[in-house]
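Participant:
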Amino acid sequence: MVAVIWFFVQNASQNMMKAGIASGFKFLWRDSGIEVPFNLTGYKPSDNILFLLWTGVVNTLLVSIVSIAVATIVGFSVGLLRLSRNWLLSTLAGFYIEFVRNIPLLFFVLFWYFGVLAALPLPRESYDVLGVVFLNRRGLSIPTPNDLHGLKIACLAIVVLIAAQVGVARWAAARQARTGRDFPVWPVGFVLCGVLPVAALVAGGLTTAWDVPTLRGFNYRGGFVMVPEFVALFAALSTYTAGFIAEVVRGGIQSVRQGQIDAARALGLTQGRIVRLVVIPQAMPVIIPPITSQYLNLIKNSSFGAAIAYPEIVAVFMGSALVSTGQSIEIIAITLAIYLVLSLAVSLFMNWYNARHRLVVR
Amino acid sequence: MSRLRERLFATPLDAVITLVCLYIVWRISVPLVEWAVYDATWNGTSREACTGQGACWVFIRARFGQFMYGQYPVPLRWRVDVAGALMVLTAGLLSWRGLPQRRWFALASVTVLPLVGLWLLYGGFGLAIVQTREWGGLMLTLVLTIYAGLIAVPLGILLALGRRSRLPLIRFASVVFIEFWRGVPIITVIFLASLLLPLIMPAGFDVDRLARAILGLAFVVAAYMAEAVRGGLQALPEGQAEAAQALGLGYWRIQRMIVLPQALRIALPAMTNEFISLFKSTTLVLIVSLFDLLGIAQAALADPNWVGMNMEAYVFAGAIYWFACFGMSQWSRLREKRLQTAHGR
Amino acid sequence: MKFFGFAAAAACLLAPLISGPAMAQTLAPSETLDAVKARGNLECGVHLGLPGFSYANDKGEWSGLDVDYCKSLAAAVLGDATKVKYTPTSVQQRWPMLQGKQVDLLARNTTITFSRNATLGVNFQGINFYEGQTFVVHTSAKVSKVADLADGTVCVAAGSTEEKNAADWFKERNLKVQIINFQKNDDAISAYDQGRCDSYTAGIGALAGQRIKFKKPEEHQILTEVISNDPQGPTTRWGDERWQLIVRWVLNAQIAAEAYGVTSKNVDEMKAKSQNGDVRRLLGVEGKFGEMMGISNDWAYNIIKQVGNYGESYERTVGMGSPLKLKRGSNELWTKGGLLFSPPFQ
Numbered sequence: 107m108v109a110v111i112w113f114f115v116q117n118a119s120q121n122m123m124k125a126g127i128a129s130g131f132k133f134l135w136r137d138s139g140i141e142v143p144f145n146l147t148g149y150k151p152s153d154n155i156l157f158l159l160w161t162g163v164v165n166t167l168l169v170s171i172v173s174i175a176v177a178t179i180v181g182f183s184v185g186l187l188r189l190s191r192n193w194l195l196s197t198l199a200g201f202y203i204e205f206v207r208n209i210p211l212l213f214f215v216l217f218w219y220f221g222v223l224a225a226l227p228l229p230r231e232s233y234d235v236l237g238v239v240f241l242n243r244r245g246l247s248i249p250t251p252n253d254l255h256g257l258k259i260a261c262l263a264i265v266v267l268i269a270a271q272v273g274v275a276r277w278a279a280a281r282q283a284r285t286g287r288d289f290p291v292w293p294v295g296f297v298l299c300g301v302l303p304v305a306a307l308v309a310g311g312l313t314t315a316w317d318v319p320t321l322r323g324f325n326y327r328g329g330f331v332m333v334p335e336f337v338a339l340f341a342a343l344s345t346y347t348a349g350f351i352a353e354v355v356r357g358g359i360q361s362v363r364q365g366q367i368d369a370a371r372a373l374g375l376t377q378g379r380i381v382r383l384v385v386i387p388q389a390m391p392v393i394i395p396p397i398t399s400q401y402l403n404l405i406k407n408s409s410f411g412a413a414i415a416y417p418e419i420v421a422v423f424m425g426s427a428l429v430s431t432g433q434s435i436e437i438i439a440i441t442l443a444i445y446l447v448l449s450l451a452v453s454l455f456m457n458w459y460n461a462r463h464r465l466v467v468r
Numbered sequence: 509m510s511r512l513r514e515r516l517f518a519t520p521l522d523a524v525i526t527l528v529c530l531y532i533v534w535r536i537s538v539p540l541v542e543w544a545v546y547d548a549t550w551n552g553t554s555r556e557a558c559t560g561q562g563a564c565w566v567f568i569r570a571r572f573g574q575f576m577y578g579q580y581p582v583p584l585r586w587r588v589d590v591a592g593a594l595m596v597l598t599a600g601l602l603s604w605r606g607l608p609q610r611r612w613f614a615l616a617s618v619t620v621l622p623l624v625g626l627w628l629l630y631g632g633f634g635l636a637i638v639q640t641r642e643w644g645g646l647m648l649t650l651v652l653t654i655y656a657g658l659i660a661v662p663l664g665i666l667l668a669l670g671r672r673s674r675l676p677l678i679r680f681a682s683v684v685f686i687e688f689w690r691g692v693p694i695i696t697v698i699f700l701a702s703l704l705l706p707l708i709m710p711a712g713f714d715v716d717r718l719a720r721a722i723l724g725l726a727f728v729v730a731a732y733m734a735e736a737v738r739g740g741l742q743a744l745p746e747g748q749a750e751a752a753q754a755l756g757l758g759y760w761r762i763q764r765m766i767v768l769p770q771a772l773r774i775a776l777p778a779m780t781n782e783f784i785s786l787f788k789s790t791t792l793v794l795i796v797s798l799f800d801l802l803g804i805a806q807a808a809l810a811d812p813n814w815v816g817m818n819m820e821a822y823v824f825a826g827a828i829y830w831f832a833c834f835g836m837s838q839w840s841r842l843r844e845k846r847l848q849t850a851h852g853r
Numbered sequence: 055m056k057f058f059g060f061a062a063a064a065a066c067l068l069a070p071l072i073s074g075p076a077m078a079q080t081l082a083p084s085e086t087l088d089a090v091k092a093r094g095n096l097e098c099g100v101h102l103g104l105p106g107f108s109y110a111n112d113k114g115e116w117s118g119l120d121v122d123y124c125k126s127l128a129a130a131v132l133g134d135a136t137k138v139k140y141t142p143t144s145v146q147q148r149w150p151m152l153q154g155k156q157v158d159l160l161a162r163n164t165t166i167t168f169s170r171n172a173t174l175g176v177n178f179q180g181i182n183f184y185e186g187q188t189f190v191v192h193t194s195a196k197v198s199k200v201a202d203l204a205d206g207t208v209c210v211a212a213g214s215t216e217e218k219n220a221a222d223w224f225k226e227r228n229l230k231v232q233i234i235n236f237q238k239n240d241d242a243i244s245a246y247d248q249g250r251c252d253s254y255t256a257g258i259g260a261l262a263g264q265r266i267k268f269k270k271p272e273e274h275q276i277l278t279e280v281i282s283n284d285p286q287g288p289t290t291r292w293g294d295e296r297w298q299l300i301v302r303w304v305l306n307a308q309i310a311a312e313a314y315g316v317t318s319k320n321v322d323e324m325k326a327k328s329q330n331g332d333v334r335r336l337l338g339v340e341g342k343f344g345e346m347m348g349i350s351n352d353w354a355y356n357i358i359k360q361v362g363n364y365g366e367s368y369e370r371t372v373g374m375g376s377p378l379k380l381k382r383g384s385n386e387l388w389t390k391g392g393l394l395f396s397p398p399f400q
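Going down the list, the sequences are from chains A, B and C.
Taking our numbering, I'd label the letters of the first sequence as residues 107 to 468.
Taking our numbering, I'd label the letters of the second sequence as residues 509 to 853.
Taking our numbering, I'd label the letters of the third sequence as residues 55 to 400.
1. At the level of alpha carbons, what is the spacing between C/ARG227 and A/PHE213?
2. With a threshold of 7 angstroms between beta carbons, is C/LYS379 in contact with chain B?
3. Are the Cβ atoms of B/ALA731 and B/TRP689 separated by less than 7 angstroms?
4. Can you tell me where the beta strand (DSSP E) holding A/ALA150 begins and where it ends?
5. Check the Cβ-Cβ distances between A/VAL222 and every residue of chain B, and say whether any is below 7 angstroms.
6. Give me, in chain order, the residues of the same chain whose beta-carbon lies closer than 8 angstroms to that of C/PRO75; leave out the 5 immediate sequence neighbours on both sides.
7. For the alpha helix (DSSP H) containing A/SER247, list its first residue and its last residue.
8. Return the Cβ separation of B/LEU700 and C/GLN147 in integer angstroms, given the expectation that the two are a contact with Cβ distance under 8 angstroms.
9. Does A/SER170 get closer than 7 angstroms to chain C when you measure Cβ to Cβ?
10. With a cut-off of 7 angstroms, does the C-beta of C/GLN156 fall near any C-beta of chain B?
11. Helix, strand or coil for C/TYR368? Go by DSSP, reduced to three states.
12. So, using beta-carbon positions, are A/PRO319 and A/GLY328 closer together than 7 angstroms?
13. Suppose you measure from the CA of C/ASN306 to the CA of A/SER399; what does that come to, to the nearest Å?
14. For C/THR255, does the three-state DSSP call read helix, strand or coil?
15. Whole angstroms are fine: how far does the CA of A/LEU246 sit from the CA of A/VAL163?
16. Report, in whole angstroms, the separation of the C-beta atoms of C/TYR109 and C/SER117, which I expect to be a contact under 8 angstroms.
17. Mind checking whether C/GLY383 and C/GLU312 have CB atoms under 7 angstroms apart?
18. Taking A/VAL429 and C/GLY213 to be in contact with their CB atoms under 8 angstroms, please state how far apart those CB atoms are, rounded to whole angstroms.
19. Taking just the CA atoms, how far does C/ALA130 sit from B/ASP800?
20. At which residue ranges does the stretch 217 to 246 of chain A contain complete beta strand (DSSP E) runs of 3 or more residues, listed in the order of the chain?
21. Can you pull the chain A residues whose beta carbon is under 8 angstroms from the beta carbon of C/ASN228, in chain order?
22. Can you tell me whether A/GLU353 is buried or exposed, with buried defined as 16 or more other CB within 10 angstroms of its CB?
23. If you measure between the beta carbons of B/ARG671 and B/VAL683, is that distance less than 7 angstroms?
24. What is the residue span of the alpha helix (DSSP H) that C/LEU126 lies within?
25. Looking at A/GLY358 and A/ALA389, is the spacing between their C-beta atoms short of 7 angstroms?
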């Protein structure tokens with residue numbers, strides 16, 4: 107193996123030297139000169155290519171994480187709806203699943219991009235919310251805070267609240283185990299993790315100055331612009347993957363024996379509690395491994411963003427940077443390595459999660 | 509009637525849900541049908557024929573040959589048809605259980621038929637040569653899928669066996685191969701195959717562009733196939749192989765006669781899924797300027813005589829993919845069910 | 055797939071057999087020329103589809119200024135302008151395709167730049183089109199000059215010189231624009247057409263051709279202001295100097311033919327009657343210039359007879375005889391106020 111790889115590397119570097127093609131990794135520190143319209147890293151074209159790569163990685167992670175979250179929620183819902191007693195509802199869920207699973211993702215990416223673009227108005231006729239948030243073909247413009255002081259305090263408060271909720275949940279579980287008395291964990295959690303954080307954010311937001319987008323010339327300037335490329339890729343990835351997750355969830359739930367559910371019902375548990383305490387915990391070990399591979403697929407599929415100019419790794423690095431430097435071997439190798447690391451990290455995390463879950467369930 | 513009530517209007521909430529669903533279905537399907545059928549233009553020769561609000565299927569009719577065959581020379585397209593007919597005929601014969609010598613026929617159909625198909629499509633030995641760059645459309649999609657699949661299935665089985673091998677080196681190599689190809693997006697693999705291969709190959713050694721794409725796809729799919737087969741292998745009780753060993757059978761005979769026939773049967777649904785996803789992944793070759801079905805649809809959109817036919821092109825191509833994939837998954841499900849009843853489970 | 059490997063191997067083995075005896079011993083070996091002759095056709099890397107430059111119609115027939123160059127090269131080397139295979143390449147693919155020897159040369163609207171020449175292992179063999187970059191805008195936007203695009207968005211093909219030119223131009227003037235990079239020109243065009251961007255930027259020539267790809271061409275306006283000068287021409291790999299020589303002088307022959315007044319219509323007459331030394335050497339009547347390059351002596355005659363001189367080619371593909379209706383401008387002979395010239399055929 108090593109010999110084979112060595113042979114190819116030798117061969118390549120010799121071929122390149124003879125052909126006058128630059129090689130090596132020094133290009134990573136050259137100025138990139140490439141524009142990235144959507145970045146969270148504060149990247150500018152005068153930064154080096156390494157930083158451009160990092161910007162691409164961040165964009166890949168951003169769209170992957172958001173899409174994974176939404177795909178999971180939608181997927182679970184559709185999977186549960188597929189098992190609904192209502193014939194129409196379960197048929198519609200079935201239609202959705204079969205529709206999404208049997209068409210290449212590239213269709214959805216293109217559809218969302220060009221379909222969404224066509225449906226949105228030009229900047230002059232933007233949809234606006236309270237005159238601070240604007241939606242048009244150039245994206246969703248939202249205000250950004252000028253200084254983060256108030257918001258930092260709000261975030262800190264949220265962390266504290268979440269910690270409190272975890273504490274309450276533990277205490278409630280312990281008390282229930284000890285005395286059998288029930289505690290309304292969910293309503294309390296809703297207040298602690300839902301209502302109070304919003305209040306904190308609103309309070310934090312009101313006390314800081316905001317950079318509100320305003321129409322200048324063609325477009326809204328200022329604030330943060332959520333570009334349509336992001337929205338389209340996110341919508342395509344999450345709806346597509348949701349179809350696969352729904353199938354996994356359906357299979358997982360159907361693997362739970364009917365006797366378990368009957369027994370729980372005989373014990374007088376409500377429908378919601380049966381699902382939460384009996385069905386889900388037993389279905390999870392069946393669901394998690396295939397869902398992991400769906401997550402991995404989603405991360406890899408985020409590379410479809412290159413088709414619609416979403417600046418993720420493949421677009422900015424294997425696209426723009428490759429064209430401007432021409433160092434295809436190095437660039438493709440780095441790209442492959444990054445995806446391998448990402449995949450490995452997710453696999454390890456999910457293995458760990460699975461092992462932990464299994465211990466709890468026995 | 510009572511069944512209908514039970515399934516749609518069991519509770520007031522159910523009734524509301526049903527009505528809301530019906531409304532949504534109505535709102536989506538009516539404009540769709542209007543666009544695709546009622547208001548659509550079916551006959552004509554040019555864009556001017558399309559005056560209505562609906563779909564302009566004239567475009568598909570005018571471009572149909574390209575959607576199917578790409579730039580394959582028109583007088584030679586019968587060769588593609590013959591290859592396709594052979595494929596369908598073989599598949600039909602294979603699904604007939606009473607076929608005499610079915611096993612040998614199956615073996616021949618995966619070894620001889622692909623070569624015959626290649627000869628028909630590419631030419632040589634008395635047929636005019638058609639360069640692979642002229643291949644395109646649905647035909648190219650099928651070529652990519654079938655030939656990549658033909659490489660991927662045996663390779664996947666070998667990798668799955670390798671992953672369970674007692675020899676550490678083979679096990680390690682299999683794991684690395686599988687995890688590598690499973691860990692990277694297909695776009696990057698296609699780039700790798702089409703851009704990098706010529707650079708790292710020794711001078712004077714050139715591999716056809718299409719062959720490279722097939723090879724790239726095949727490696728990725730082989731890795732996924734290996735995992736599907738491994739699932740089947742793991743489902744088999746250890747005792748089977750041990751019993752065979754006790755009878756004095758060698759490793760390959762055990763695998764061939766005892767383990768694989770059972771494991772593959774179990775793994776078949778998973779393998780079909782991988783095959784479906786391979787079929788869908790072939791769309792990605794358009795980034796290296798191979799014009800598969802979606803690629804040719806996009807190319808057709810760039811024709812100034814037919815500007816603005818995006819919906820028609822995508823709906824038509826999408827429908828082909830959908831029917832093909834749906835057909836395959838239904839076939840697999842049907843087979844699974846038949847096997848389950850056959851085994852009396 | 056074995057078959058392709060076998061065919062390739064056979065071609066490699068046959069190459070020296072076919073070309074060996076025909077070649078004079080004094081010539082430096084040319085791997086590419088030998089390969090082209092053995093293959094019997096030229097492999098030309100062209101644009102994915104740029105009307106006027108390299109564009110395939112629905113029957114798969116290629117036409118355009120760059121395509122005409124490929125045909126001329128085939129006419130010179132193989133004696134037959136039709137013996138060209140076109141490989142459409144994207145912005146990304148072009149360099150690896152050329153470096154990896156999948157094409158014999160690129161003729162695809164590629165701008166000549168220093169860094170490409172210095173780091174990509176490619177050589178530019180002359181200029182067949184002086185392109186000037188400009189912008190196309192929606193008529194409704196009421197933009198008349200480039201600076202009006204400040205605070206706007208511009209769609210562009212990633213990694214192109216247009217991207218850098220535009221970024222530099224606005225930066226220099228301290229104007230802000232958002233540049234969106236697409237992997238393919240056509241994607242950038244349709245995104246602009248859909249209203250994703252206020253403008254799409256490309257060369258004047260390219261835009262004149264691409265304009266027909268818009269849904270409603272009359273709703274778009276090409277600005278007349280030009281922000282850069284982008285010379286474009288056939289591109290080869292490093293090494294194989296004799297091949298580079300042929301590529302360079304085929305282009306020179308196209309231009310020289312126009313300068314000497316040799317056209318596809320009068321070429322036979324000129325060959326028979328002309329007393330001009332340059333013309334006689336160009337057309338192979340005297341001097342044996344083809345032999346010096348390792349191709350036939352009537353190489354330039356074949357170019358002019360089968361494809362025409364540069365002026366004919368220009369008029370047919372991008373000029374007044376084409377839908378693009380581009381004036382000659384810089385692409386006129388230097389004697390007529392343009393920038394084109396050919397070194398003497400002496």
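Note that the Cβ used here is the ideal one computed from N, Cα and C, for glycine as well.
Facilitator: Result, derived from the coordinates:
1. 40 angstroms
2. no
3. yes
4. According to the sequence shown, residue 150 of chain A is Lys rather than Ala. Careful: A/LYS150 lies outside any beta strand (DSSP E) and carries neither H nor E.
5. no
6. Because C/PRO75 sits at a pLDDT of 46, beneath the cut-off of 50, its placement in the model cannot be relied upon, and the following sentence gives the value as read from the coordinates. Contacts found: none.
7. No alpha helix (DSSP H) contains A/SER247, which is instead part of the beta strand (DSSP E) from 245 to 248.
8. Contact doesn't hold; Cβ gap of about 13 angstroms is too wide.
9. no
10. yes
11. helix
12. yes
13. 58 angstroms
14. strand
15. 22 angstroms
16. 6 angstroms
17. no
18. 3 angstroms
19. 34 angstroms
20. 233 to 235, 239 to 242
21. Those do not exist, as C/ASN228 stays about 14 angstroms from chain A at its closest Cβ, beyond 8 angstroms.
22. buried
23. yes
24. A small correction: the amino acid at residue 126 of chain C is Ser; Leu does not occupy that position in the sequence shown. C/SER126 -> alpha helix (DSSP H) spans 119 to 132.
25. yes
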